[in-house]
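A short worksheet on the structure shown next.
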Amino acid sequence: MKNSIKVERAKKNITQADLAKLAKVSRQTINAMELGKYAPSTVLALRLAQIFEVEISQIFTLEDSDWS
Amino acid sequence: MKVNHLFPNKYKKIGWLVLIPSTIIGLITLILEYEPNFLDFNVPAIFIDEFFGEKQFLGIVNNNILNEIFGVLIIISSLLVAFSKEKSEDEYISKIRLESLVWAVYINYGILLFSFLFIFDLTFLWVMIFNMFTILIFFIIRFNWQISKIKKSASYEE
Chain A
1 MKNSIKVERA KKNITQADLA KLAKVSRQTI NAMELGKYAP STVLALRLAQ IFEVEISQIF
61 TLEDSDWS
Chain B
69 MKVNHLFPNK YKKIGWLVLI PSTIIGLITL ILEYEPNFLD FNVPAIFIDE FFGEKQFLGI
129 VNNNILNEIF GVLIIISSLL VAFSKEKSED EYISKIRLES LVWAVYINYG ILLFSFLFIF
189 DLTFLWVMIF NMFTILIFFI IRFNWQISKI KKSASYEE
């Protein structure tokens, strides 16, 4: 799964630490998601969408490997 | 949904403060076979099978309780260290916690299986004694190592 958290974060001009605070998770979690090392739960994904004020599908997109 | 059966974060520090000294002192008393007389007590036992005595169900034995004291201290404190929340315990940390626990169980039983097949008699008893603690110790090492790894990785990115 790909995500555009880093891009959305840049648009809002906030740091990983800021986003972590807003989303109520640790900074490591934001970092791991941006690096594609961690796929968040539905709840966290929805929270991020609400913070960035976009549709969830605008942040997260499936890749072919997600079907294998 | 938020149930995770973990202790509050502050217990982690208390756990470390008890675990480290009791492990060191416990090991030293074990090696020196130190059994002070004032800790000899008659204690209840569920099953008694002494070397040259009768087998007996439920009874009283005379026992030096020093090893019991250290055993209890080490088990409780390592439970606190292992299962106290991180400062920011979130879903990613939970995932690492689970992975570390699976890893610790595999390693622990791998070593136990090997010892079971190739170590015998009284030496195997020592393996079992250490095995009381190793699963938690392996978990603590692996989990903290993983956490420090992701913390390091997160400090580069901005």
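Note that the protein sequences, when read in sequence, are chains A and B. All residue numbers for the first sequence refer to the working numbering, where the first residue is 1 and numbers rise by one. All residue numbers for the second sequence refer to the working numbering, where the first residue is 69 and numbers rise by one. Every residue, glycine too, gets a C-beta built ideally from N, C-alpha and C.
Using a Cβ-Cβ cut-off of 8 angstroms, residue 10 of chain A does not count as an interface residue toward chain B, since no Cβ of chain B sits closer than that to its own. Less than 8 angstroms divides the Cβ of residue 28 of chain A from the Cβ of residue 160 of chain B. Membership of residue 128 of chain B in the beta strand (DSSP E) is indicated by the continuous run 123-132. Nearest to residue 96 of chain B by C-alpha distance, out of B/84, B/119, B/135, B/125, is B/135. Between residue 167 of chain B and chain A, the shortest Cβ-Cβ separation is not below 8 angstroms. Neighbourhood of residue 41 of chain A in chain B, by CB distance below 8 angstroms: 159, in chain order. With 16 or more neighbouring CB atoms inside 10 Å of its own CB, residue 30 of chain A falls in the buried class. Contact check for residue 64 of chain A against residue 1 of chain A fails: the beta carbons are separated by 8 angstroms or more. Here residue 23 of chain A is not bridged, per DSSP, to any residue. When Cβ-Cβ separations below 8 angstroms define contact, residue 221 of chain B makes contact with chain A. With respect to the C-alpha of residue 109 of chain B, the residue from B/184, B/83, B/137 having the closest C-alpha is B/137. Contact between the stretch 142-157 of chain B and the stretch 84-95 of chain B is present, with at least three C-beta pairs closer than 8 angstroms.
For residue 216 of chain B, no CB of chain A lies under 8 angstroms from its own CB, so it is not counted at the interface with that chain. Out of B/152, B/126, B/142, B/106, the CA that lies nearest to the CA of residue 132 of chain B is found in B/106. Against chain B, the beta carbon of residue 25 of chain A has neighbours under 8 angstroms at 156, 158, 159, 160, listed in chain order. At the C-beta level, residue 168 of chain B and residue 210 of chain B come within 8 angstroms of one another. Residue 68 of chain A sits exposed, since fewer than 16 C-beta atoms from the chains shown fall within 10 Å of its C-beta. Unbroken alpha helix (DSSP H) runs of no fewer than 4 residues, entirely contained in the stretch 140-217 of chain B, are found at 159-186, following chain order. Among the residues of the stretch 42-53 of chain A, those with a Cβ less than 9 angstroms away from any Cβ of chain B are 43, 44, in the order of the chain. In the assembly as shown, residue 33 of chain A is a buried residue. Its beta-carbon has 16 or more other beta-carbons within 10 Å.
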